[in-house]
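Undergrad: Below: one structure in structure tokens.
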Amino acid sequence: MTTTQPHAVVTGATSGIGRWIARGLAQAGYGLTLIARDEMRADKTHRWIAAAVPGAAIDIVRADLSSLKDTRAAAASILSRHPKIDLLVNNAGLLSHDRQVTPEGREKTLATNLLSPLALTEALLPAMVAPARIVMVGSSSADRARIDPDDLELRQGWRMTRAYARSKLALLMMSGLLAERLKPAGITVNVVHPGLVATNIVRHGGIDEFAWRLLGRFALTAEQGADTPLYACLSPELAGQTGLYLKRRRAARPNARVRDPALVARVEAAVGRLL
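Per the UniProt record's numbering: the sequence shown = residues 1 to 275.
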């Protein structure tokens, strides 16, 4: 009797916890599609995983995940190669020093951290059937964040940390709605805070990068930070469990705003207009 190798799609896999998530999935027997913007870094990651898991099946799809057009084109490319997807890990993230606007007219932090994961997930859903899992990498920065549905892109009062936290709070909200929508189909959607991880997400130099590197002395390594995301991806204990916000492998209580139906509905409408 032959079995089909399960397949996982991972974003943000060329650095930080994403590399360790991808490697952990390969070690668990998954074939991989890695969505990456930088070809050289993608090739380096491919070789790094293959060295640890000889014979690993790894595809690379190039895309700029701040672009909805690129995101949807990447999904189309994946679907043409893989008619069945068992796991989607939306890990790619951006913490930008300056307020930037993409060529499509979207604030870049929101586009990368929220709009792209939602667009990618929606586009790949036709290939996902029970018991497929969707794992969104969130952040505890959302725990005390506020959100204005009338100004998701922070045209007023933009700050790096505020934009990042707001994007992750909106991701929690939209993931909860998606979890409810997909529950009858047996597809689970969970959000994971990996912990404070020493990654290179802040790469623009100056005082912010200096402070991040200083803080990084007390942070988890990227390998350690991949533990809870991999738990969300692979643990038999989470089979069928959906709508969770996980920290250190445990379900945590999210920001109270996530449980405000009126506010979530307004955010959903605003996100829909941006998509």
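Every residue, glycine too, gets a C-beta built ideally from N, C-alpha and C. In this text the structure is predicted, and so the values were computed from the model without any measurement.
1. Using CA atoms only, rank isn't needed, just tell me which of L263, L246, G225, R144 is closest to M174.
2. Could you spell out where the alpha helix (DSSP H) holding H97 opens and where it closes?
3. Would you check if the distance between the CB atom of V61 and the CB atom of Q27 is smaller than 7 Å?
4. Should G206 be labelled buried (16 or more other beta-carbon atoms within 10 Å of its own) or exposed?
5. From what residue to what residue does the beta strand (DSSP E) around M136 run?
6. Who pairs with R62 in a beta bridge, going by DSSP?
7. To which residues of the same chain is A56 closer than 6 Å at the C-beta, ignoring the five residues directly before and after it?
8. Since L178 is in the beta strand (DSSP E), which residue starts that stretch and which ends it?
9. When the Cα of H97 is compared with those of R259, M160, L182, T109, which residue comes out closest?
10. Could you tell me the boundaries of the alpha helix (DSSP H) in which K69 lies?
11. Put E268 into one of helix, strand or coil per three-state DSSP.
12. How many angstroms separate the CA atom of P131 from the CA atom of R23?
13. Starting from the Cα of R133, find the closest Cα among L65, V192, R259 and give me that residue.
14. Please name the residue, chosen from S167, N190, A36, that lies closest to A239 on a Cα-to-Cα basis.
15. Would you call the CB atoms of T11 and A75 closer than 7 Å?
16. Between which two residues does the beta strand (DSSP E) harbouring Y30 extend?
17. As a quick exercise: from P254, C233, L169, pick the residue whose alpha carbon is nearest that of V89.
18. What do you reckon, are the CB atoms on L172 and V267 nearer than 7 Å?
TA: Answer, in terms of the structure:
1. L263
2. Neither: H97 is in no alpha helix (DSSP H) and is coded neither H nor E.
3. no
4. Because the pLDDT of G206 is 48, which lies under 50, any placement of that residue in the model is unreliable, and the number read from its coordinates should be weighed accordingly. Answer is exposed; the Cβ neighbour count stays below 16.
5. 133 to 137
6. A36
7. A26, I49, A50
8. Note, L178: premise wrong, no beta strand (DSSP E); alpha helix (DSSP H) at 160 to 182.
9. M160
10. 68 to 81
11. helix
12. 21 Å
13. V192
14. N190
15. no
16. Looking at the DSSP string, Y30 is not in any beta strand (DSSP E), and its letter there is neither H nor E.
17. C233
18. no
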